[in-house]
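**Q** In the numbering used here, the protein residues as written are 6 to 297.
Using N, Cα and C, we set each Cβ at its ideal position, and we do this for glycine too.
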C-alpha cells in the first residue's frame, strides 16, 4: 500500500487523541480524508482497527494488538531518518583508517586534532601498521582507506599522492656528521645503520638505495618502530636513514638531507577501486588533501 507510513500515523493519531476531529486537526487533514486513510489501512491489513459509532470510538482487539508495534515502527523509522541525517550532516559517524607508523608519529596527529575540533561527533579509529598491511586492510574492507606508500593498483586498489617524503640521515647531536648540510649514500658505507623491521617500506627503500648504487650497507641494530630507532640513535648506537616525516621529536638529534635522486617516496591515499565512502570518510580525505 502506497503511503503506508502516512496511514499508520493517521491511525496512531486517532488512537492517541480518541477523536477523529482532534486527530484530523493535528495532522492538518479534513475529517473525511482522515476517515479514508483509516479505512484504507484497515482494508490493507484485513482487520478493523477502530469501533465507530456517533457517540463512541474505541480500539478493536486488532487495534490494541497493533498499537505498540506500529508505535515502535514509527519510532524506529524516525531514528533511522535522524541518524541518516546526522551522518550526512557530519554530526556523527565513524572513520577507520590505516596509516604508516611514520605518519602516525609525525604528520598525522595535527590533522586528527583539526578534524576532531571541526567534527567532534565523528569517531576516528586509527591503525598504525606497515605498508603491506595497509593494502590488505583496505582491500579487505577492514578500514575505509589508508595513508601509505604507493599501492599496487592492479590488486583492486586506487592510489592518490598527497605528499612526498624523502629520506634523511638522523645522527646524534655530537656526531662527526652532525654539521653536514647534506650527505651522500657513499659516505655512509662505514657507518652502522640502525634499520627498521624487514617488513617496513622504509627498510626496502634503504636497501634498494644501497643496492642500486652498488654500495655496501653496514647493518647495525634493528627495531620495528621508528620511535625506537630514533631512541637508539639518540644514545649513540648508530645512525639511521628514515623518512623526513619521522621527525616528531628531534631532541638530541640532527637531521641531514640525503643527496641522491632516489630517496623520495610518494605517500598518498589508498582506497578500494569503485568504493563508496561514508560522508565522514569523504570529509576526512578532503581535509587530508588540503592539509598535506
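Can you list, in chain order, the residues of its chain whose CB lies under 8 Å from that of residue 26, leaving out five sequence neighbours each side?
**A** Hits under 8 Å: 36.
**Q** Residue ranges of each beta strand (DSSP E) run of no fewer than 3 residues wholly in the stretch 61-121, ordered along the chain?
**A** Whole beta strand (DSSP E) segments, 3+ residues: 61-64 and 98-104.
**Q** Under 9 Å between the Cβ atoms of residue 129 and residue 100?
**A** Taking 9 Å as the Cβ cut-off, residue 129 and residue 100 qualify as a contacting pair.
**Q** Between 182, 235 and 178, which lies nearest to residue 201 when the distance is taken from Cα to Cα?
**A** With distances taken between Cα atoms, residue 201 lies closest to 235.
**Q** If you count every other CB in all the chains shown that lies within 10 Å of the CB of residue 224, and 16 or more means buried, which is it?
**A** Result: exposed.
**Q** For residue 160, count the other beta carbons within 10 Å of its own beta carbon; 16 or more makes it buried, fewer makes it exposed. Which is it?
**A** That one is exposed.
**Q** Which of the three DSSP states, helix, strand or coil, is assigned to residue 135?
**A** Note: residue 135 maps to coil in three-state DSSP.
**Q** Going by Cα to Cα distance, which pick from 33, 68, 116 and 34 is closest to residue 46?
**A** The shortest C-alpha separation from residue 46 is found at 68.
**Q** Once DSSP output is grouped into helix, strand and coil, what is the label at residue 27?
**A** Three-state DSSP puts residue 27 in a helix.
**Q** With respect to the alpha helix (DSSP H) encompassing residue 290, which residues constitute its N-terminal and C-terminal limits?
**A** Run containing residue 290: 284-296, per the alpha helix (DSSP H) assignment.
**Q** Residue 140 to residue 162, Cα distance in whole Å?
**A** Their backbone Cα atoms lie some 8 Å apart in a straight line.
**Q** What alpha helix (DSSP H) runs, 4 residues minimum, are completely inside the stretch 132-194?
**A** Counting whole runs of 4 or more residues, the stretch 132-194 contains the alpha helix (DSSP H) stretches 136-144.
**Q** State the CB to CB distance for the pair residue 95 and residue 216, rounded to an integer number of angstroms; the pair is presumed to be in contact (CB under 8 Å).
**A** With 8 Å as the limit, residue 95 and residue 216 do not qualify as a contact, their Cβ atoms being about 47 Å apart.
**Q** Classify residue 12: buried if its beta carbon has 16 or more other beta carbons within 10 angstroms, exposed otherwise.
**A** Buried, by the Cβ-count rule.
**Q** Which residue wins for smallest C-alpha separation from residue 205, given the options 42, 125 and 227?
**A** Nearest of 42, 125 and 227 to residue 205, Cα basis: 227.
**Q** Are the beta-carbon atoms belonging to residue 134 and residue 103 less than 9 Å from one another?
**A** Contact: yes.
**Q** From 188, 143 and 222, pick the residue whose C-alpha is nearest to that of residue 277; which is it?
**A** The shortest C-alpha separation from residue 277 is found at 143.
**Q** Using DSSP with H/G/I as helix, E/B as strand and the rest coil, what is residue 263?
**A** Here residue 263 sits in strand by DSSP.
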